[in-house]
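The block underneath contains the structure these notes are about, expressed in structure tokens.
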Amino acid sequence: MKIIIRDSAAEASAAVADMLLQQIGEKPDSVLGLPTGGTPLAVYARLRSAYDSGRGSYKSITTFNLDEYLGLSADDPASYAYYMRENLFVHVDIDPDRTHIPNGSAPDADAEAKRYEALITACGGIDLMLLGLGRNAHIGFNEPGSAHNSRTRRVALNASTIAANAAYFAPNAEQPAHAITMGIGTILECRRIVVLATGSEKAAAVAASVKGPSADIVPGSALIRHPNTTFVLDKAAARDLERARTSELQV
Ligand code: F6R
Numbered sequence: 110m111k112i113i114i115r116d117s118a119a120e121a122s123a124a125v126a127d128m129l130l131q132q133i134g135e136k137p138d139s140v141l142g143l144p145t146g147g148t149p150l151a152v153y154a155r156l157r158s159a160y161d162s163g164r165g166s167y168k169s170i171t172t173f174n175l176d177e178y179l180g181l182s183a184d185d186p187a188s189y190a191y192y193m194r195e196n197l198f199v200h201v202d203i204d205p206d207r208t209h210i211p212n213g214s215a216p217d218a219d220a221e222a223k224r225y226e227a228l229i230t231a232c233g234g235i236d237l238m239l240l241g242l243g244r245n246a247h248i249g250f251n252e253p254g255s256a257h258n259s260r261t262r263r264v265a266l267n268a269s270t271i272a273a274n275a276a277y278f279a280p281n282a283e284q285p286a287h288a289i290t291m292g293i294g295t296i297l298e299c300r301r302i303v304v305l306a307t308g309s310e311k312a313a314a315v316a317a318s319v320k321g322p323s324a325d326i327v328p329g330s331a332l333i334r335h336p337n338t339t340f341v342l343d344k345a346a347a348r349d350l351e352r353a354r355t356s357e358l359q360v
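Residue numbers (this note's numbering): 110 to 360.
Put into structure tokens, the structure is as follows:
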């Protein structure tokens, strides 16, 4: 596991955007795994401005998002499908047919999860998976207790996750309590994983995920077993790592 620590969230986000640009530069038909949430917003903003200045082509890229709320259509402003269109897809030359997000309004969530998993396999697997980290160390919507070999499936969200994400919903909107998420086992099959975590509210989750022990109660700690994972942190998120004094560590 590699850990990169930058002074600010903006610098950590810039480092991650550069990794993505390098990936699609080196392999123009890369398959990318993408997260939503507050953390990657600055990464997507950087990718948009890089694209505007002629850097990065998404023409042959395929994407798979980590998760989607159940019960929200792709047109719902709180859906992750909407988020991805607004924050990245409509701004770059990506083929919408190659952008994949679990269908939150599928009548049969189990069948949808199976379809999604099969589609990832059919596309040759994911080259680079970008992850955020929940305050409770969830990855995707794999909440604490999720098996590290879990597959894409329907899950119930923890009360703490629902509270953390309430800000993304209109005041009177009904907030979903279930989602479809890639499983931890599915995530571990990605060839390369980059985790971006910023802010002191993520410090405990980062420390538990990086230091281990690897246990179901800490979903992020599953990444310890992955051969090519990089955590990109700002100083605040790295606060609880003992050896956070140098700017780049290998653990
Ligand atoms: C989002 C996702 C979640 C978030 C996590 C952190 O697709 O899968 O695991 O990455 O909840 O969210 P933020 O960045 O809003 O703190």
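Heads up, the beta-carbon is just placed ideally off N, CA and C, and yes, glycines get one too. Predicted, not measured: the structure shown is a model, and the values here were computed from it.
Ignore the nearest five residues each way along the sequence and tell me which others in residue i's own chain have a CB closer than 6 Å to its CB.
i	result
P216	none
T355	Its pLDDT being 48, under 50, T355 is placed unreliably by the model, and nothing is read from it.
T339	K111, V303
T171	V140, R207, C232
N86	The structure shown does not extend to residue 86, since the chain is modelled only from 110 to 360, so the question has no answer here.
S169	P137, D138
A317	A246, V327
N258	G294
Under 7 Å Cβ to Cβ from residue i, same chain only, skipping five residues before and after it: list those, please.
i	result
A123	R155
S188	E177, Y178, L181, S182, G213
P285	Y178, L179, G180, L181
V360	Caution is warranted here: a pLDDT of 49 is assigned to V360, below 50, making its placement in the model unreliable, and no coordinate value can be reported.
D185	Y191
R260	E226, G292, G294, T295
N196	L150, Y153
E221	P211, N212, A215, I289
Nearest to residue i by alpha carbon, out of the options?
i	options	result
Y167	V140, S182, D185	V140
L129	L143, E226, D116	L143
P211	E310, D161, L237, H287	H287
R82	D236, G294, G308	This structure gives no information on residue 82, because the portion of the chain shown stretches from 110 to 360.
C232	R207, S269, G165	R207
N174	N245, I235, E120	I235
L266	T290, A126, A276, N258	T290
D219	T230, R244, R262, Y160	R262
T145	G165, T230, G321, M238	M238
A159	P149, L150, G329, A126	A126
G147	A118, T172, I133, E135	A118
L361	R194, N274, A268, L305	Because the chain is modelled from 110 through 360, residue 361 falls outside the range shown and cannot be assessed.
L228	A246, N245, H209, G243	H209
A272	N258, G243, C299, R300	G243
E135	R164, V264, A276	R164
Q132	A331, A314, V315, R301	R301
K311	E298, C299, G329, E120	G329
Counting along the chain, where does the alpha helix (DSSP H) carrying residue i start and finish?
i	result
M128	118-135
D343	No alpha helix (DSSP H) contains D343, which is instead part of the beta strand (DSSP E) from 338-343.
Y153	150-161
Below 8 Å CB to CB, which residues in the same chain sit around residue i once its five sequence neighbours on both sides are set aside?
i	result
P336	none
D116	D343, K344
S309	A345, A346, R348
Could you spell out the range, first to last residue, of the beta strand (DSSP E) harbouring residue i?
i	result
S113	It is Ile, not Ser, that sits at residue 113 in the sequence shown. Run containing I113: 111-115, per the beta strand (DSSP E) assignment.
T295	It is not in any beta strand (DSSP E) - T295 instead sits in the alpha helix (DSSP H) that spans 293-297.
E310	Where E310 is concerned, there is no enclosing beta strand (DSSP E), given that its DSSP letter is neither H nor E.
I289	287-290
Y178	176-178
V327	First-last for V327: undefined, no H or E at that position.
L143	140-143
Just checking: is the beta-carbon of residue i within a distance shorter than 7 Å of some beta-carbon in chain C?
i	result
Q284	Looking at the structure shown, chain C is missing, and only one protein chain is on hand.
For the segment 189-200 and the segment 250-260, state whether three or more C-beta atom pairs, one from each stretch, are separated by less than 8 Å. The answer is no - the segment 250-260 does not touch the segment 189-200, with fewer than three Cβ pairs under 8 Å.
Flag this pair as touching only if the segment 340-351 and the segment 279-293 have three or more C-beta atom pairs under 8 Å; answer yes or no. Contact fails: fewer than three Cβ-Cβ distances are below 8 Å.
Could you give the uninterrupted runs of the beta strand (DSSP E) lying entirely in the segment 189-268, keeping only those of 3 residues or more? For secondary structure counted as the beta strand (DSSP E) over 3 or more consecutive residues, the segment 189-268 holds these complete runs in sequence order: 237-240, 262-265.
If you pair each beta-carbon of the segment 253-273 with each one of the segment 310-329, do three or more pairs fall below 8 Å? Below 8 Å, enough C-beta pairs join the segment 253-273 and the segment 310-329 to call them touching: three or more.
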